[in-house]
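In our numbering, the protein residues as written are -11 to 1212.
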């Protein structure tokens, strides 16, 4: 829990960190002013009152802070006016004691603006509380950071040393704009404690002189672009500065009257600024200022702004034109451009509201606020543009918010409508569509006019009706017209009241009187026979026009007791119409025919105007002596002399026609024929002079009939011939036949079938009884004697049979097949060779169905005999081999051990791996120590087979076993590797395929060859003892592991190579260095790696010494093939002293040479002199014999005692201690 000390002037948490602005809870409105604490009041004057370790007073905040920024919990702040405490205090003239009691070096007395407002610090008066003559430092801060140059030192007088304490003034512009003063001991000591009075401050003088010269909104939608009234929340603020922005300066913007600030975008060296992406939350005050790097602010630009996005609510009603000349006074269609537009507002305008009007749908707007009085709008002086547009009214408030828009479409039409076309009759009745003659009392006229125009039809000045021209077309039934001629025209008017000129005149005539019959002329008296025509002439009182498109007008006649008709023949367009009737065979009237009524029968008889003629017959002539005699021979029946049955293509049928009396046939002009329902034709052949005529019919292809008959009652055609009665008037015989299928017809009298259609049932399958080929359906056989059988697609029908050909259709043999069954067979067939089998169905009319055709092969020659190679093996799944020459279609099968395999020979040889192959049949079962016969059979497509003639070709010996264990024959160590060699063990009837070597404690290798018995294992650790074991693997498995090899330790201790400048091979041997120390493979005798020193010669090259993992000193023994010269020196190349970075040749001391001058011994130390490799454990140290002037021996700095000396010397140096002093 945080404890608070309350005072009338405010509060501060006793544990707060007072390094920034005042904590929330106290409101201060101004910068601190001159403070002498005189306004502080005491309960008892002349006393001292402990306040707190921090407190607020008159816009000042006083506290004592430790270096870590926390309040000094042991500090004391007290206000006193007791002069016994300090010379700065008298009764009624108090001073402030600030005592930092913590033992913290760098504790600070803090005098701070409680509001964060800046002030100019001029100085203060101080007196030390406890100590004397201590040096203090005053520091000015701004926004928590020291201001450069705001530092003043002073030595505080001891308590009571002066009468008025020490006045400490400050000077310089650095103090002009601070918000905090801190006082600390200059030497960082503890116990800072001062009496303070007369804090002299004045108004702060900002170092920033650049001001904001302008600011603007990106979307200022008010009445001007600079009034800061807008209806847009999303804005970009921008403006200008009074001068270019200096380095370290920025521009800050506040939208809430300084409540919070945001950095704007501004560039040093330019005088513009902007802040994008802001959103106004409402109306407030914009503030903008320039801030320098120390937080100092320039003059603040302030501008109130208004965010108003509430649209006006005023609406418009009662909109009207002063001159609306359209169909109605409110349709906003007019032919008058000059207008006054009136409307009523829903309420009076607000003070900042503006009324706008638009005549072009909102494209342009006019301020018409001055046209408003109260709630009435009278927009006078308006001139409309021709055409259609939209009138709009709206109210806009001061923030630019648009109220709802009142819209009204209008049209100004000042041009006269186009003159309509000349009216024409929509229906010109009668015989002509262009004679303007009609039989209608209200005829319809039509024409074209402007779309939407009103068209009025006039006869003179009289209106005969009006109509709208829809889509530019009008049609109108004229009213008030009577019989006779009428002259008409049309005029058009538009919706605005404009009227066009009159169209051209049209004259029409109305006639509604029907034509009437005045007399009827009849045929002359006499007897009329079949085929004669009776003519009647009908006379009318005006020309009449006859149309037979819907039927033919006719006059009813009675002939004997039968009604007949005289049909219209001619006379259309005249007043005399001719009607005629052809006497019908068989009719007879001996007392005169009778004339009945005239009927149109679906036709028409009209006058020129279209009036239908009256059908009443007047003044009809006498027909009492107009007689009819038309009795003729007729066909009594049709039959055939051919027997009933089925007949096919090419067969002949004799058909007979029996007449009611004997007839003569005259074929001079042609031959009579009879059309049949089979599609064929029967031709007359005999019978003239009798009552029976014979017609012959030969069946043609594709002609079929289930019951032969003629096609129709008119199937008998003369084709230019004549058939007449033999006596009497020799009238032509009637050719009309009885309806097919009825009594007397051919179909009723006979049961003759015409069938030229092949059977639909087909042969579905065929097979040989002995099909010996690769399948039972391939029609490849080696057997000539066969029974051939098969199935049909359906059961055999009555009259159908199956026929078989073995010679591709050259000859056919009937097969055995039963009606109602779908199987067939032909036994006892003998194939004469390869050919084609054909099978078909035939019906009773010998029509053949679809033919099944199948090539077949008769092959009795066997393939060439294959052979099997004999072999002895130790496997129950060996690979068998042999020879076989196969022809196309032949296959080879191999049988052994109860299984049969199919094998494909290659180049006359075959091979069968029993371990991999899958048998066609059976299961392979072979045993060790057993002999087997292998059967190879070649079979052709016809099933002919040839079998090898040998036996017992496969001898399987004893079963293989695991191989014996190998044995090592040599183990050779090298640098981090070992090379091993072992013997080949007994394979035990299965070839060895791999060897595996494993080492202890590590190392392994694998050899994937049964003939390679060596490997090298790398990656070993020098100095470690290893043993190895090896095992062999054959087809049975792994042998047991071998006995361990001899122990071996990997190291390269000896290298040999030719010695430069000598004949023979030199040898280098390493000893010592630890158990892992080894020569690198690159060590050896070679030419110089670096040129010899001046005046020196190195004729024997160098020994390039390289070693690794050497933990102690190494002794190297070099054995040259020839003695070295007397006086020889030995030089190394590398750092001449330990730690040297420069490499050079230098003389090595401590080298011993054998008496025969062929053996050189010396000692090497890792990272000693000459070691060119700084890595620990790795030595690169070339040495070379040198001839030349004798040099003094080198200092043996690579000896252990030298290294110890060097370490002792380094230990005598010490690091200088540094002391960190606290600072503010």
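Where a beta carbon is used, it is the ideal one built from N, C-alpha and C, also for glycine.
Query, Result
"What is the rounded straight-line gap between the Cα of residue 393 and the Cα of residue 311?", "23 Å"
"Using beta-carbon positions only, say whether residue 963 and residue 1066 come within less than 7 Å of one another.", "yes"
"Alpha carbon to alpha carbon, how far is residue 1077 from residue 1084?", "15 Å"
"When we look at the beta-carbon of residue 693 and count the other beta-carbons within 10 Å, is it buried (16 or more) or exposed?", "buried"
"Name the two residues that bound the continuous alpha helix (DSSP H) containing residue 735.", "734 to 737"
"With DSSP as the reference, please indicate the residues paired to residue 1026 in a beta bridge.", "1021"
"Just reading off the beta strand (DSSP E) that residue 157 is part of, what are its end residues?", "154 to 157"
"Determine the direct distance from the alpha carbon of residue 70 to that of residue 100, and round the result to whole angstroms.", "25 Å"
"Counting Cβ pairs closer than 8 Å, one from the segment 122 to 136 and one from the segment 156 to 170, do we hit at least three?", "yes"
"Is the segment 960 to 976 in contact with the segment 923 to 939, if contact means three or more CB pairs nearer than 8 Å?", "no"
"Going by DSSP in three states, residue 1056 sits in which element: helix, strand or coil?", "strand"
"Could you check what DSSP says for residue 249 in three-state terms: helix, strand or coil?", "coil"
"Roughly how many angstroms separate the alpha carbons of residue 848 and residue 856, rounded to a whole number?", "25 Å"
"With DSSP as the reference, please indicate the residues paired to residue 1133 in a beta bridge.", "1121"
"Compute the Euclidean distance between the alpha carbons of residue 1042 and residue 1057, then round it to the nearest angstrom.", "4 Å"
"Whole angstroms are fine: how far does the CA of residue 479 sit from the CA of residue 452?", "12 Å"
"Enumerated in chain order, which unbroken segments of the alpha helix (DSSP H) with a length of 4 residues or greater are wholly contained in the segment 119 to 193?", "none"
"Just mark residue 820 as buried or exposed, buried being the case when its beta carbon has 16 or more other beta carbons within 10 Å.", "exposed"
"Just verifying my parser: in three-state terms, what is the DSSP assignment at residue 358?", "helix"
"For residue 862 versus residue 987, is the C-beta spacing smaller than 7 Å?", "no"
"Have a look at residue 522 and residue 689 and give me their C-alpha separation to the nearest angstrom.", "48 Å"
"Going by C-alpha to C-alpha distance, which of 289, 1012, 614, 279 sits closest to residue 961?", "1012"
"Among the residues of its own chain, which have a CB less than 7 Å from the CB of residue 627, if the five just before and after it don't count?", "644, 734, 737, 738"
"If you measure between the beta carbons of residue 547 and residue 575, is that distance less than 7 Å?", "yes"
"For residue 729 and residue 759, which I take to be in contact (beta-carbon distance under 8 Å), what is that distance rounded to the nearest angstrom?", "At roughly 54 Å, the Cβ-Cβ gap does not stay under 8 Å, so residue 729 and residue 759 are not in contact."
"Could you check if residue 157 is buried or exposed, using at least 16 other CB atoms within 10 Å of its CB as the buried criterion?", "exposed"
"Within the continuous beta strand (DSSP E) that includes residue 282, where are the two ends?", "Looking at the DSSP string, residue 282 is not in any beta strand (DSSP E), and its letter there is neither H nor E."
"How big is the Cα-Cα spacing for residue 893 and residue 880?", "8 Å"
"Classify residue 878 as buried or exposed, calling it buried when 16 or more other Cβ atoms lie within 10 Å of its own Cβ.", "buried"
"Helix, strand or coil for residue 1097, going by three-state DSSP, please let me know.", "coil"
"Does DSSP put residue 81 in a helix, a strand or coil?", "strand"
"Taking all protein chains shown into account, do 16 or more other C-beta atoms lie within 10 angstroms of the C-beta of residue 203, making it buried, or fewer, making it exposed?", "buried"
"Taking Cβ to Cβ, would you say residue 473 is nearer than 7 Å to residue 497?", "yes"
"What is the rounded straight-line gap between the Cα of residue 740 and the Cα of residue 640?", "12 Å"
"Nearest-angstrom Cα distance between residue 614 and residue 553?", "15 Å"
"Checking 7 Å against the spacing of the C-beta atoms, do residue 814 and residue 842 come in under that value?", "no"
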